[in-house]
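In our numbering, the protein residues as written are 178 to 495.
Note that beta-carbon positions come from the ideal geometry of N, C-alpha and C, so glycine has one too.
Step one of this worksheet: look at the structure below.
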Amino acid sequence: MFEYLAVWSAQKGRARPWAILAMLAVVTAVVSAFLDNVTTVLLIAPVTLGIARYLGTPAYPFLFAEVFASNIGGTATLIGDPPNIIIGSAAHLSFNDFVVNLAPVIIAVMAVQLVAAHLIWGRKMSASPEARARIMALDTAALIVDPKLMKNSLFVIGGVVAAFVCAGWLGLQPGTIALLGAAILMLLHNCEHRREREKQTLRVTETFNEVDWITIFFFVGLFVIVHGIDAAGVLELAARGLIQLTGEDARATAVVILWGSAILSAIVDNIPFVAAMIPLIREMGPHLGGAEEVMPLWWALSLGACLGGNGTLIGASA
Numbered sequence: 178m179f180e181y182l183a184v185w186s187a188q189k190g191r192a193r194p195w196a197i198l199a200m201l202a203v204v205t206a207v208v209s210a211f212l213d214n215v216t217t218v219l220l221i222a223p224v225t226l227g228i229a230r231y232l233g234t235p236a237y238p239f240l241f242a243e244v245f246a247s248n249i250g251g252t253a254t255l256i257g258d259p260p261n262i263i264i265g266s267a268a269h270l271s272f273n274d275f276v277v278n279l280a281p282v283i284i285a286v287m288a289v290q291l292v293a294a295h296l297i298w299g300r301k302m303s304a305s306p307e308a309r310a311r312i313m314a315l316d317t318a319a320l321i322v323d324p325k326l327m328k329n330s331l332f333v334i335g336g337v338v339a340a341f342v343c344a345g346w347l348g349l350q351p352g353t354i355a356l357l358g359a360a361i362l363m364l365l366h367n368c369e370h371r372r373e374r375e376k377q378t379l380r381v382t383e384t385f386n387e388v389d390w391i392t393i394f395f396f397v398g399l400f401v402i403v404h405g406i407d408a409a410g411v412l413e414l415a416a417r418g419l420i421q422l423t424g425e426d427a428r429a430t431a432v433v434i435l436w437g438s439a440i441l442s443a444i445v446d447n448i449p450f451v452a453a454m455i456p457l458i459r460e461m462g463p464h465l466g467g468a469e470e471v472m473p474l475w476w477a478l479s480l481g482a483c484l485g486g487n488g489t490l491i492g493a494s495a
């Protein structure tokens, strides 16, 4: 599906390098808002390299635009970026809360990014008529290896997003919705390939080996460490120091968190940084007047941590 989207975007841009860059960036941002941004970049980047090779142009402008767009687009929703999932779970923020408060900001940031990309790279990009003709001659339909699986995947993703929007009425947690979607897709896929699988012996150990246990235990250890620091009172002292610095002004505190998160997330990975900041912001609640006054701090943390990852090579996984 990702290969199809990349080539489709290139052909919609009439195989003009700048139009392809803009289309790929927009597609990457939109897909990253609903799927993991690292997966999106890993699957679109190889096709982008092929398109750049066909055009005879350097690939780095396309790749930079896609990486930036992935982190920007992932900031718009609860499920687009791991820091948002952590923040949403800790602050009890819904999918709709993220869309209403962050999506307008992200659209504006994405527009600025496209303008900057055009000024830096777009005006210098060109391709020969022969190279553009090769792109336009590619068969997009042939890129879809399993049409049935793609239809099932789109159906399930649409249902999962709809369930996220209606989560408040359904009374379901985001994690429950995501697991239900994964289970339904697995059942649909297994039913389609049941005859093929009847000849195979599937062991439970083989299934468990596919789970990314390293990442799971990393997060377990990370949250244990953060809780230990919180229990020791270190974060409470830090919260009081920040409140004194900003004079108990919620707006000034939000600005400090926004820029501080952006700078630090460009130096260290944003996931452990956000995990450490969550109890710190919680400690600020009583000093700033309650949960409503703290709400802008959550949005500042999300924007700073997710967008700040674009600052350096190590700032974000994508």
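*How should Val-397 be labelled, buried or exposed, when 16 other C-beta atoms within 10 angstroms of its C-beta is the threshold for buried?*
exposed
*Enumerate in chain order the residues of its own chain whose CB-to-CB distance from Ala-187 is below 6 Å, with the five nearest sequence positions on each side excluded.*
Ile-197, Ile-228, Ile-312
*Determine the direct distance from the alpha carbon of Pro-306 to that of Asn-273, and round the result to whole angstroms.*
46 Å
*Locate the alpha helix (DSSP H) running through His-464, then write down its first and last residues.*
447 to 465
*What whole-angstrom Cβ distance do Val-471 and Gly-462 have, given they're in contact under 8 Å?*
5 Å
*Hey, could you find the ends of the alpha helix (DSSP H) Arg-191 is sitting in?*
Segment: none, Arg-191 is in no alpha helix (DSSP H) and carries neither H nor E.
*So Phe-332 packs on Gln-290, CB below 8 Å; how close in whole Å?*
With a Cβ gap of about 31 Å, Phe-332 and Gln-290 do not count as contacting.
*Contact between the stretch 233 to 251 and the stretch 197 to 211: three or more CB pairs below 8 Å?*
yes
_Spatially closest choice to Trp-476 from Leu-435, Asn-447, Met-327, by CA coordinates_ = Leu-435
*Within this structure, are the beta carbons of Ile-263 and Val-451 separated by less than 8 Å?*
yes
*asked:* Counting C-beta neighbours from all protein chains within 10 Å, is the total for Ser-438 16 or more, i.e. buried, or is it exposed?
replied: buried
*DSSP state of Asp-323, grouped into three classes?*
coil
*Mind pulling the beta strand (DSSP E) runs of 3 or more residues that sit fully within the stretch 255 to 343?*
none
*asked:* Let me confirm a value: Trp-346 is counted as buried when at least 16 other C-beta atoms fall within 10 Å, else exposed. Which label applies?
replied: exposed
*So what's Glu-425 in DSSP terms, helix, strand or just coil?*
coil
*DSSP state of Leu-220, grouped into three classes?*
helix
*Between the CA atoms of Ile-321 and Cys-368 - distance to the nearest angstrom*: 20 Å
_Against chain D, with Cβ distances strictly below 8 Å, would Phe-450 count as a contact?_
The question asks about chain D, but that chain is absent: this structure has only one protein chain.
*If we call anything under 8 Å between Cβ atoms a contact, is Gly-251 one with Cys-483?*
yes
*C-alpha gap between Leu-220 and Leu-362, whole angstroms*: 20 Å
*How about Gly-352 and Val-337: are their beta carbons less than 8 Å apart?*
no
*Taking the Cβ atom as the reference point for each residue, do Gly-299 and Trp-195 lie within a distance shorter than 8 Å?*
yes
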